Amino acid sequence: MSDVHLRLSKVHRHYGAGAQLVRVLEAADLAVRGGEMVAIVAPSGAGKSTLLHLSGLLERPQSGEVEITGVATSKLSERGRTLLRRNTIGYVYQFHHLLPEFSALENVALPQLIAGRDKPAAERRAMDLLEILGVAPRAQHRPAELSGGEQQRVAIARAAANHPRIILADEPTGNLDPATSDVVFEALMALIREEGAAALIATHNHELARRATRIVTLRDGLIEPLTL
Ligand code: ADP
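Quick note, the sequence shown lines up with residues 2 to 229 if you use our numbering.
Here is the structure:
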C-alpha cells in the first residue's frame, strides 16, 4: 500500500465565540494515501472549504495535528509551513485564475521556473502534463482562446507542475456543464493515477464523486464515510 500523504488527527476548528461560535470540525480524522482520490460531499456550510484550507496549510486548527507527507505541521513556523505547502501541495480552484497574457504551456511552466527549474525542463514537464490532461494541442493558446473545460485542465496541469504529493480541489468542475465536467474529472483522475498523488476533492456532483476511490462527508464535526 502507498504511503499516507495527508493525515488529519483529532482536528478541531471553530470560528467565532460565545453566541456566534461555529464548530466546524471536532476531533476529525482523515488519512489519504498516494494514488487515492477522496471526494468530500456535504451541504453548503458543512465545512468543506475549511477542511481543504486546513489540509493545504492555509489555516491552522485550534488543536489536533495535520501531517503532510509524514511531517507534523502544528509546531512549524509560518515559513516552514509556506515551504512545505509550496513543495508538496497543489491547489485547484473552481475558477482557474490562469494568467491571461501567457500561453497554456507558459502557465504550467511558470511555477516551475519560480521553483528554480531551467526553462527546457520546465517546458518538457509542462508538455507532459498537458498531454496527460488531453490539452497538449492547445499548448500555445492563451486562456481566452480555450474553452472552459480546457482552461480548467490547464489549471490542473499547473497545480501539478511541481510534483505535489497532495492535490486539493474545491469544486473543480463547479463552473462547467455536465459533459465538460466529466472530461475534466476523468483527466484529473488520470493525473492522480499517473503522479501517485493523494487527492482531496470537494464536489456537489454525486455522479463524479462515485468515481472517486472513496467518499466522505462532514457530520457533527467528524469526517465520516459516505455511500451515494
Ligand atoms: P463549505 O465549504 O462546506 O460551504 P465552509 O468551510 O466554508 O463550508 O464553512 C463552514 C462553516 O464555518 C460555515 O458555517 C461558515 O459560515 C463558517 N465559517 C467559515 N469560515 C469562517 C470565518 N472565517 N469566520 C467565521 N465563520 C466562518
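All C-beta atoms in this analysis are idealised placements derived from N, C-alpha and C, irrespective of residue type, glycine included. Everything numeric in this text was worked out from a predicted model, so none of it was measured.
Between the CA atoms of residue j and residue i - distance to the nearest angstrom
{"i": "P121", "j": "A158", "result": "17 Å"}
{"i": "L209", "j": "L84", "result": "32 Å"}
{"i": "E187", "j": "D129", "result": "17 Å"}
{"i": "Q141", "j": "V23", "result": "47 Å"}
{"i": "P144", "j": "L223", "result": "39 Å"}
{"i": "S75", "j": "L7", "result": "14 Å"}
{"i": "Q152", "j": "D183", "result": "14 Å"}
{"i": "E146", "j": "L106", "result": "13 Å"}
{"i": "T89", "j": "N163", "result": "8 Å"}
{"i": "L100", "j": "A200", "result": "24 Å"}
{"i": "S148", "j": "N108", "result": "16 Å"}
{"i": "S45", "j": "E172", "result": "12 Å"}
{"i": "L77", "j": "V155", "result": "32 Å"}
{"i": "G150", "j": "T181", "result": "6 Å"}
{"i": "L189", "j": "L111", "result": "20 Å"}
{"i": "L53", "j": "V39", "result": "12 Å"}
{"i": "R211", "j": "A191", "result": "15 Å"}
Close beta carbons around residue i, own chain, < 7 Å, minus the five adjacent residues each side
{"i": "V12", "result": "L26, A29, L55, P62, G65 and V67"}
{"i": "A160", "result": "G91, Y92, V93 and I168"}
{"i": "L227", "result": "V42, I216, V217 and T218"}
{"i": "D86", "result": "In the sequence as displayed, the identity of residue 86 is Arg instead of Asp. If we look at R86 and ignore the five residues flanking it on each side, its Cβ neighbours are G57 and L58."}
Other residues of its chain near residue i: CB distance less than 6 Å, five sequence neighbours each side excluded
{"i": "V238", "result": "Nothing can be reported for residue 238, as the shown portion of the chain is limited to 2 through 229."}
{"i": "K49", "result": "I41, A43 and A203"}
{"i": "H207", "result": "L229"}
{"i": "G197", "result": "G35 and G36"}
Neighbourhood of residue i by C-beta distance below 8 Å, restricted to the same chain and skipping five residues each side
{"i": "A137", "result": "M128 and L131"}
{"i": "R82", "result": "L58 and T74"}
{"i": "R194", "result": "G36"}
{"i": "T51", "result": "R14, V25, L26 and E60"}
Practice task
For the ligand ADP, list every residue whose C-beta falls under 6 Å from any of its heavy atoms, going in chain order.
Solution key: Y16, G17, V23, V25, A43, S45, G46, A47, G48, K49, S50 and T51
Exercise for the section: Report the residue ranges of all beta strand (DSSP E) runs contained in full by the stretch 124-206; include only those spanning at least 3 residues, in chain order. Expected result: 167-171 and 199-203
Handout entry: Complete runs of the beta strand (DSSP E) confined to the stretch 60-134 [at least 3 residues]
Key = 64-69 and 90-93
Exercise for the section: Within the stretch 20-66, note down every full alpha helix (DSSP H) run reaching 4 residues or more, in order along the chain. Expected result: 49-56
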